[in-house]
């Protein structure tokens, strides 16, 4: 694929070493004739943990084979900021505020960043200390951001700018998906990398996430709280916002409360942006979208002034006014069938408040850039449906090859069960059903023993079941602010325990629950099929996909995300060929029509029953055999 300039979709099981395999393929392609600019490689990951895997493998290649790969390893500009370590006021600044403040502090007007100033001299030439940092990074071959930042801090230079200059002499660039999907970021980095996009080879890890990421870079959401803070900020800094922020705070809360009355919390209800923009223009006394954009641009620039003033006073360089103005510009500008605008309700200090958002519905708006690459490899353990990725990402089908790698793990080491007595199907949810799920979940967890992870379709369902459990073992319930490190510490600290998490959450994918190369889990239980929540936004996505893809639209919008979440959760179980364990799907639908969408080995291995004693007996026999192994 690399040599022939193809786009490869590779489905390969979790835990088999996809990272080192693709790096090996890259080295083989270079040896076979890939050279010059066409030998440049970009590796994109979703999480910092995956980024670390590639750095580790690059170092192993050097140690084992003596092959010296030079890589420029990027985290976000905010994560690599040495000034953030010195200034407490930067520690809690939001990402968008940080980027705008950083840009101002590099513009040589007002408060200046000492690290940036020490990095460049006249005509943006590196100063001696920055050149020393670049040499150090190149000597190390591949340097984690957490390793490079202290080095640059000691030398007094900007770590992000140092990595940009490392890219000039690097073979590889490693970072997150934004380095490809965001046009300004891509163009700035490729210029440093000395490669045009059509010369570049790209590897996208955990590629089942690329569609969602492509949507998020064109989406945004803001709360009424932000507008209220912006109102106070306008008064404090004497900005004539004509009452816009107070109006928006009231209107967003009003829409949120209406949404709450109709649907409850965390439900996206569609709203008409034209109606809201007419109300805003009437409030401001403006005529036409052009006048509105001009006014919002003025408020955005005032936000930049506020950030700069706060930075000069050693305060956090944030501006709610600037952030809200930027949001409204995007909210009103992003129109057409590719976007959906919505209101939702959330709880804040025991009060129902509102949030306003705009969501992109079409991943191909940003992901189609993949067609411009010389070659691309998209790989994941759950690329079960290649047609979905070709169509939804807008890939050139003539250039696409698909490879499915069979699992090297013995199938006898996994017991795959379906509990047909329960379901989380929306229409059948009830107190009685939740009681039944909790009772059966307790029995299944006891039968498995050891460490078990149970994943749910939503926080609401997880919390409803968690309240009903009485197991007498340590239980960790995932919260929205749960840290991966805490989960691993919990699992490694208890030989018998239960982790409750949410499918598509931070503890169900991209997390390696292992120690010493062996998986820690004895079982994974997936409670209900993790279909996306039925909201106005999900209905808009389904309608858009049905319009674009016909009969496949509903399947693409609903079944594919469910399958990915299911597979990723199950993938937490086995991390090596020696691991044995149980995967249980607690939903009768898994043994119905849904079953035909599962891989062939899943369909062949699944055992379904609605008799709890049958399921627990199968588990105990399997676990007894596991102990013999």
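Numbering (our numbering), first residue to last: 3 to 631. Beta carbons are placed, not taken as given, at the ideal position from N, Cα and C, and that holds for glycine. Small disclaimer: the values here were computed from a predicted structure and weren't measured.
A direct Cα-Cα distance of roughly 43 Å separates residue 453 from residue 375.
Rounded to whole angstroms, the separation of the alpha carbons of residue 48 and residue 211 is 8 Å.
Pairing residue 320 with residue 612, the inter-Cα distance amounts to about 56 Å. Counting along the chain, the unbroken alpha helix (DSSP H) around residue 544 starts and ends at 538-551. Annotated as proximal: residue 99 and residue 309, with beta-carbon spacing under 9 Å. If one requires a minimum length of 3 residues, the beta strand (DSSP E) runs lying completely within the segment 25-52 are 43-47, in chain order. Distance from the CA atom of residue 182 to the CA atom of residue 451, rounded to whole angstroms, is 44 Å. When only Cα atoms are considered, residue 7 and residue 510 end up about 34 Å apart. Each residue's CA atom was taken as its position, placing residue 432 and residue 513 some 32 Å apart. Residue pairing by DSSP puts residue 403 in a beta bridge opposite 10. Assignment of residue 458 by DSSP, reduced to helix, strand and coil, places it in the strand class. Going by DSSP, residue 204 is part of no alpha helix (DSSP H) but of the beta strand (DSSP E) stretching over 203-206.
DSSP lists 353 as the beta-bridge partner residues of residue 350. Annotated three-state conformation of residue 379 is strand, per DSSP.
Under the three-state reduction of DSSP, residue 499 is assigned to strand.
The C-beta distance from residue 517 to residue 567 rounds to 25 Å, too long to fall under 8 Å, and the pair is not in contact. In terms of Cβ geometry, residue 271 and residue 538 form a close pair [threshold 9 Å].
If you draw a straight line from the Cα of residue 367 to the Cα of residue 167, it comes to about 30 Å.
With a minimum length of 4 residues, the unbroken runs of alpha helix (DSSP H) contained wholly in the segment 187-241 fall at 212-218 and 226-238. In its chain, beyond the 5 residues on either side, 78 and 80 have a beta carbon closer than 8 Å to the beta carbon of residue 97. A check of alpha carbon separations from residue 176 across 185, 195 and 186 identifies 195 as the nearest. Around the beta carbon of residue 222, 16 or more other beta carbons lie within 10 angstroms, which makes this residue buried.
When secondary structure is reduced to three states using DSSP, residue 436 falls in the helix class.
For residue 451, there is no enclosing beta strand (DSSP E), as DSSP marks it with neither H nor E. Of all C-beta pairs linking the segment 417-429 to the segment 471-478, fewer than three are shorter than 8 Å, placing the two stretches out of contact. Per DSSP, residue 19 has no beta bridge partner at all.
Following the DSSP letters along the chain, one finds residue 421 inside the beta strand (DSSP E) bounded by residues 416-421. Residue 273 sits in coil when the DSSP states are folded into three classes, being neither helix nor strand. Using a Cβ-Cβ distance cut-off of 8 Å, the segment 421-438 and the segment 578-590 are in contact, since at least three pairs of beta carbons, one from each stretch, lie closer than that value. The three-state secondary structure of residue 326, taken from DSSP, is helix. Taking all protein chains shown into account, residue 302 has 16 or more neighbouring C-beta atoms within 10 Å of its C-beta and is therefore buried. In the structure shown, residue 428 adopts helical secondary structure according to DSSP, grouped into three states.
Of the candidates 531, 581 and 409, 531 places its Cα closest to the Cα of residue 595. Your pair residue 258 and residue 346 checks out as a contact, with CB atoms roughly 7 Å apart and the cut at 8 Å. A distance below 6 Å between beta-carbons, with the five flanking residues on each side excluded, links residue 329 to the following residues of its chain, in chain order: 222 and 224. Burial check for residue 281: the Cβ neighbour count within 10 Å stays below 16, so the residue is exposed.
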